[in-house]
Amino acid sequence: MGGFETKQTIKPKLSSKQIEYLKKRTRMNEDEIEKWFQEFHKDCPDGLLTQKHFIEMYNQAFPNGNATQYAKRVFVTFDKDNSGKIDFNEFLLAMDLFEKGDLDEKLNYAFELYDIDKNGILTKSEIEIIIKMVLSLRGEGNNDRLKDDIITHLNRFITKFDENGDMKITPDEFSRICSQDEYLRLFLSPNFSS
Ligand SMILES: [Ca+2]
Ligand SMILES: [Ca+2]
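Count along the sequence shown from 1, add 3, and you get the number used in this note's numbering.
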């Protein structure tokens with residue numbers, strides 16, 4: 004008899020090698036790693052989070068908005084090896100950043116999230132895409148007044164920090180803008196829950 008290898012009944016387990024690796028790469032202790040591992044496997048029994056599933060989770064967290072574009076961007080930044088799926092290591096690195104990272108780390112992450120072509124600067128068109136993405140996430144995609152308000156705010160700060168006036172923002176300028184303007188910081192900070 005036997006021969007039924009029912010995958011679902013096998014409780015997923017972290018190897019001690021993987022725990023050691025994750026302890027080195029994150030600020031989490033073994034218990035925290037284990038806790039996240041169980042959470043992750045509850046949602047993703049095969050140990051991989053697909054983009055589709057990820058977008059669904061985001062849209063559930065933001066029922067009043069359309070989180071699809073935003074979630075796609077976040078997914079790409081989590082999927083470090085570009086495999087098209089988020090594995091547990093990639094997931095935990097992200098959780099470590101959100102739970103234990105300081106403002107600088109989070110701003111660096113936000114910059115990476117918004118720098119769509121990964122060339123190390125934010126251009127005017129990327130900024131416009133960001134604003135649209137965040138507004139639709141919040142269900143305010145059609146709120147032109149809010150959009151204008153944010154652009155006015157941003158322009159004021161860009162003028163202040165963009166020394167040669169080319170409307171391109173470096174990571175440094177981005178950090179300064181966000182550290183000095185709470186309104187923009189709150190708007191531009193990545194949202195991970197509602
Ligand atoms: Ca991956
Ligand atoms: Ca760019």
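Where is the CB? At the ideal position from N, CA and C, for every residue including glycine.
Here the structure is a predicted model, which is why all the values come from computation and not from measurement.
Counted within 10 angstroms of its Cβ, other Cβ atoms place residue i as buried (16 or more) or exposed
i      : result
Met4   : Unreliable positioning characterises Met4 in this predicted model, as indicated by a pLDDT of 49, which lies under 50. A coordinate reading is not provided.
Leu106 : exposed
Gly68  : buried
Tyr186 : exposed
Leu95  : buried
Residue i CB to nearest heavy atom of ligand 2 below 7 Å
i      : result
Ile208 : Residue numbering for the chain in the displayed model covers 4 to 197; residue 208 lies beyond these limits and cannot be assessed.
Leu100 : no
Thr53  : no
Leu116 : no
Leu125 : yes
Ile134 : no
Ile119 : yes
Per-residue DSSP class, three states only, for residue i
i      : result
Ile172 : strand
Leu52  : strand
Lys121 : coil
Lys16  : coil
Asp90  : strand
Option in the options with minimal Cα separation from residue i
i      : options                           : result
Pro183 : Met170, Phe164, Lys171 and Asp169 : It should be pointed out that residue 183 corresponds to Gln in this sequence rather than to Pro. It is Phe164 whose Cα lies nearest to the Cα of Gln183.
Ser178 : Asn167, Lys45, Lys88 and Leu125   : Leu125
Leu25  : Gln54, Lys150, Gly168 and Glu93   : Glu93
Thr53  : Ala74, Pro66, Trp39 and Glu33     : Ala74
Pro48  : Ile89, Asp82, Arg30 and Gln72     : Ile89
Ile153 : Glu176, Leu95 and Leu191          : Leu191
Lys16  : Ile36, Lys27, Arg30 and Arg28     : Ile36
Ile161 : Arg148, Asn145 and Ile180         : Ile180
Residue-chain proximity (residue i, chain C), Cβ-Cβ < 8 Å
i      : result
Met136 : Of the protein chains in the structure, only one exists, and it is not chain C.
Contact shell at 6 Å, judged by CB to any heavy atom of ligand 1, ordered along the chain: Qualifying residues, in the order they occur: Asp82, Asp84, Ser86, Lys88, Ile89, Asp90 and Glu93.
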